[in-house]
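Peer 1: The sequence shown begins at 46 in our numbering and counts up by one.
Note that beta-carbon positions come from the ideal geometry of N, C-alpha and C, so glycine has one too.
I have a structure here, written as structure tokens, and I will follow up with some questions on it.
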Amino acid sequence: MAVDTPARVAILGAGPIGLEAALYARFLGYDVDIYERGNVAENILRWGHVRMFSPFGMNRSTLGLAALRAQEEGYVPPGDDEFLTGLEYVDRYLLPLSQTDLLGDHLKLGIEVVSVGRPELLKGEAIGTEDRADSDFRILYRDSAGAEFIGTAEVVIDTTGVFGNPNWAGEGGLPAVGETALRDQIEYGVPDVTGSARSQYADRKTLVIGAGYSAATTVVALAKLAEDAPNTRVTWLVRQVTEAGPIMPIPDDRLPERASVTAEANRLASGASANVSFKLGMSLASVCYDETTGKFQVELAGEAKERDEFDAIVARGC
46 MAVDTPARVA ILGAGPIGLE AALYARFLGY DVDIYERGNV AENILRWGHV RMFSPFGMNR
106 STLGLAALRA QEEGYVPPGD DEFLTGLEYV DRYLLPLSQT DLLGDHLKLG IEVVSVGRPE
166 LLKGEAIGTE DRADSDFRIL YRDSAGAEFI GTAEVVIDTT GVFGNPNWAG EGGLPAVGET
226 ALRDQIEYGV PDVTGSARSQ YADRKTLVIG AGYSAATTVV ALAKLAEDAP NTRVTWLVRQ
286 VTEAGPIMPI PDDRLPERAS VTAEANRLAS GASANVSFKL GMSLASVCYD ETTGKFQVEL
346 AGEAKERDEF DAIVARGC
């Protein structure tokens, strides 16, 4: 379905994809509303200390640079070959881009989209028909004070991503017994274990769950922390593993930062560090928190069951 201008496009999420999509829509002449429940690039700020795998040139658009240079004649972008941290990417590109004339007045920050539907049709009606395609969207959203409003759009583009909605830590991506009650105490992001969150992990025992790059990045950082805080202990829980280790290397990987994290994480999983214990084929069965000791009591399930206690849990899927 083609939607001619003038028309209204609703973008859900003010991260890099949302901002670039909104910029392109504005350039083509569409009216745009950008709904963001937090701040610009909210999810990136949660891992802002991590250096990105890809260089800046792969994370910006020609139109974005043109908009920034038109806004500020002296704007100097990062070099296309620079590897920025998440925070540098936000500060040097995304935040300035969001403040350009094309986007600044179209940002709705602190706004949570509650539901999206079509006012004339229920979700099961007129599926695949032109009548449904031609029906506008109705957007129910809520501001930071809890007041609710209705917005409309001919097109809705969801760029909210998945980082803010990680898998639960139990088997099959389901919550482990007791996990939902402890959601605010378990870390589901990528903590800055050698920086702002150092005191929460140094000389303490941490359970890391997951076999993705976020989990690998955390394990590598904790092993680095252990060089200065030798009582730091890490148990890395992975449900499945490749022949090379928990992270499958990409042959001739063009992204050296990713290749480096992969190699070091697999090295640690092979027993290279006495501070890192690797457990394969296990998942989190149950978890509770002992207020007296300040520790998590966990049960791990695999071919056999194990019980252990940890000072912290970082869960990035299973």
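#1: From what residue to what residue does the alpha helix (DSSP H) around Y12 run?
#2: I need the DSSP call for G215, collapsed to helix, strand or coil.
#3: Between which two residues does the alpha helix (DSSP H) holding I89 run?
#4: Return helix, strand or coil for G206, following the three-state DSSP convention.
#5: Can you tell which of F98, E354, W92, A360 has the C-alpha that lies nearest to the C-alpha of E127?
#6: Just to check my reading of the structure: I358 and L219 have Cβ atoms closer than 8 Å, yes? What is that Cβ distance to the nearest angstrom?
#7: Just to confirm before moving on: does the CB-CB distance between G155 and S189 stay below 7 Å?
#8: Check whether the stretch 163-170 touches the stretch 325-345, taking contact to mean three or more Cβ pairs, one atom from each stretch, closer than 8 Å.
#9: Does the distance from the C-beta atom of V95 to that of V235 stay below 7 Å?
#10: Could you pull out every residue in the same chain whose Cβ sits closer than 7 Å to the Cβ of S106, ignoring the five residues on either side in sequence?
#11: Under a Cβ-count criterion, where at least 16 other Cβ atoms within 10 Å of its own Cβ denotes burial, should N311 be classed as buried or exposed?
#12: At which residue ranges does the stretch 265-347 contain complete alpha helix (DSSP H) runs of 4 or more residues, listed in the order of the chain?
#13: In angstroms, rounded to a whole number, what distance separates the CA positions of K350 and S305?
#14: What separation, rounded to the nearest whole angstrom, lies between the Cα atoms of G261 and G124?
#15: If you follow the beta strand (DSSP E) that S160 is part of, which residue opens it and which one closes it?
#16: Under three-state DSSP, which class holds G196?
#17: Under the three-state reduction of DSSP, which class applies to A66: helix, strand or coil?
#18: Compute the Euclidean distance between the alpha carbons of I172 and A178, then round it to the nearest angstrom.
#19: Which same chain residues end up closer than 7 Å to A314 when comparing Cβ atoms and leaving out the 5 residues on each side of it in sequence?
#20: Where does the unbroken beta strand (DSSP E) through R53 begin, and where does it stop?
#21: Are the beta-carbon atoms of V201 and A55 separated by less than 7 Å?
#22: So, at 6 Å on beta carbons, what are the nonlocal neighbours of A360 in its own chain, with the 5 sequence-adjacent residues on each side left out?
#23: Between the Cα of L148 and those of D76, A198, G83, spot the shortest distance and give me the residue it belongs to.
#24: Which word fits K168, buried or exposed, when buried means at least 16 other C-beta atoms lie within 10 angstroms of its C-beta?
#25: Rounded to whole angstroms, what is the Cα-Cα separation between Y258 and E175?
#26: Find out if the Cβ-Cβ distance for the pair G131, I89 is shorter than 7 Å.
#27: Can the beta-carbon of A192 be found closer than 7 Å to that of T145?
#28: How long is the line joining the alpha carbons of I62 and E348, rounded to whole angstroms?
#29: Sort out for me which residues DSSP pairs K250 with in a bridge.
Peer 2: Taking the geometry as given:
#1: Absent from the model: residue 12. The displayed extent of the chain is 46 to 363, so no value can be given.
#2: In the structure shown, the three-state DSSP call for G215 is strand.
#3: 87-91 is the extent of the alpha helix (DSSP H) around I89.
#4: coil
#5: F98
#6: Actually they do not touch by this definition, with Cβ atoms about 16 Å apart.
#7: yes
#8: no
#9: Cβ atoms of V95 and V235: closer than 7 Å.
#10: E65
#11: buried
#12: Qualifying alpha helix (DSSP H) stretches, in chain order: 301-312.
#13: 33 Å
#14: The question names Gly, but residue 261 in the sequence shown is Ala. For A261 and G124, the distance between alpha carbons rounds to 27 Å.
#15: 157-162
#16: strand
#17: The answer is helix: DSSP assigns A66 an H, G or I state.
#18: 9 Å
#19: W281, G290, P291, F323
#20: 53-57
#21: yes
#22: Answer for A360: A214, I231, Y233, I254, listed in chain order.
#23: D76
#24: exposed
#25: 42 Å
#26: yes
#27: no
#28: 42 Å
#29: R278
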